[in-house]
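K.L.:
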């Protein structure tokens, strides 16, 4: 992790910060490195979509219809399609990559302790990831999702050294076309709660589409996240299949322009 990037992330203090750099492949748009306050991420959905929409908004890419950007990220090329809708910008990223889904996830009892809820309120727990490893927990209702409070002692014992220390917990129907109500904690990344987690949504649809009992060619979910923290995000996620194998996953949604600023680089003197 570059010290300069780390220091910038610490000062900006957003959950994720994207740095736009010169492209390495002339056929792509640019290179993007994404950092949390504590570490670099191989991939993150919303910084990818937000960066693409910001580049279009600021006219840093040639106009086209549709507008397609290819971002060079550590996980590989990430394609983002950007369109103008209702006066704003809507972005959808598409990622080709293997969905990781290892065994060894915590038990519902252990995960319930992390969330400060009852074991009977946890329906299932599993690991999955595309670029970022995640622990998923399906809970019994939206109210239980809102009621959850992280128990630091239980988190340290159960998740801090697990395949993924990050937990994405949700309620709702996991059928194709279902709607979920979700929250996300990533204390190991310096993120107490994330209002929108595209990498989690991508991994979730990929993992569900990979199950032996799913026989379709596309699997879709709508996810509402960030409500309890006052930053609601509506996310659409889709996995595409061919011959029973996930070929790509996509995550999309509307972007909101919040603010802009400039960082002034002080003059310096080269010392030979």
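Residue numbers (the working numbering): 4 to 275. Backbone N, C-alpha and C define an ideal beta-carbon position, used for all residues, glycine too.
#1: Nearest by alpha-carbon distance to residue 23: which of 37, 30, 29 and 15 is it?
#2: Report yes or no: do three or more beta-carbon pairs, one from the region 77-93 and one from the region 166-174, lie closer than 8 Å?
#3: Quick one, are the C-beta atoms of residue 207 and residue 41 less than 8 Å apart?
#4: Quick test of your reading: residue 21 and residue 35, contact by CB under 8 Å. State the CB separation rounded to the nearest angstrom.
#5: Smallest Cα separation from residue 68: which of 59, 74 and 76?
#6: Hey, residue 167 and residue 118: beta-carbon distance below 8 Å or not?
#7: Which one of 265, 222, 233 and 115 has the shortest CA to CA distance from residue 244?
#8: Using a Cβ-Cβ cut-off of 6 Å (strictly less than) and excluding sequence neighbours within five positions of residue 112, which residues of its own chain qualify?
#9: Terminal residues of the continuous alpha helix (DSSP H) containing residue 152?
#10: Three or more beta-carbon pairs under 8 Å between the region 123-130 and the region 152-163, yes or no?
#11: Which residues bound the alpha helix (DSSP H) around residue 116?
#12: Give me whichever residues DSSP pairs with residue 187 in a beta bridge.
#13: CA-CA distance, residue 101 and residue 115?
#14: Answer yes if the region 251-260 comes into contact with the region 229-242, meaning at least three C-beta pairs across the two stretches below 8 Å, and no otherwise.
#15: Who are the near neighbours of residue 199 in its chain, counting only those whose CB is closer than 7 Å to its CB and skipping five residues on each side?
#16: Would you grab the beta carbon distance between residue 231 and residue 178 for me? Rounded to a whole angstrom, and I think it's under 8 Å.
#17: Pick from 17, 205, 94 and 180: whose alpha carbon is nearest that of residue 139?
#18: Identify whether residue 136 lies in helix, strand or coil by the three-state DSSP scheme.
#19: So residue 252 packs on residue 74, CB below 8 Å; how close in whole Å?
#20: So residue 134 packs on residue 225, CB below 8 Å; how close in whole Å?
#21: Candidates 152, 13 and 189: which alpha carbon is nearest residue 169's?
#22: Using CA coordinates, which residue listed in 261, 211 and 91 is at the minimum distance from residue 181?
P.N.:
Answer, in terms of the structure:
#1: 37
#2: no
#3: no
#4: 5 Å
#5: 59
#6: no
#7: 222
#8: 122
#9: Unbroken run through residue 152: none, as it is neither H nor E.
#10: no
#11: 111-118
#12: 171
#13: 29 Å
#14: yes
#15: 49, 228, 229, 236 and 238
#16: About 24 Å separates the two Cβ atoms, so there is no contact after all.
#17: 205
#18: strand
#19: With a Cβ gap of about 15 Å, residue 252 and residue 74 do not count as contacting.
#20: Their Cβ separation, rounded to whole angstroms, is 22 Å, which puts residue 134 and residue 225 out of contact at 8 Å.
#21: 189
#22: 211
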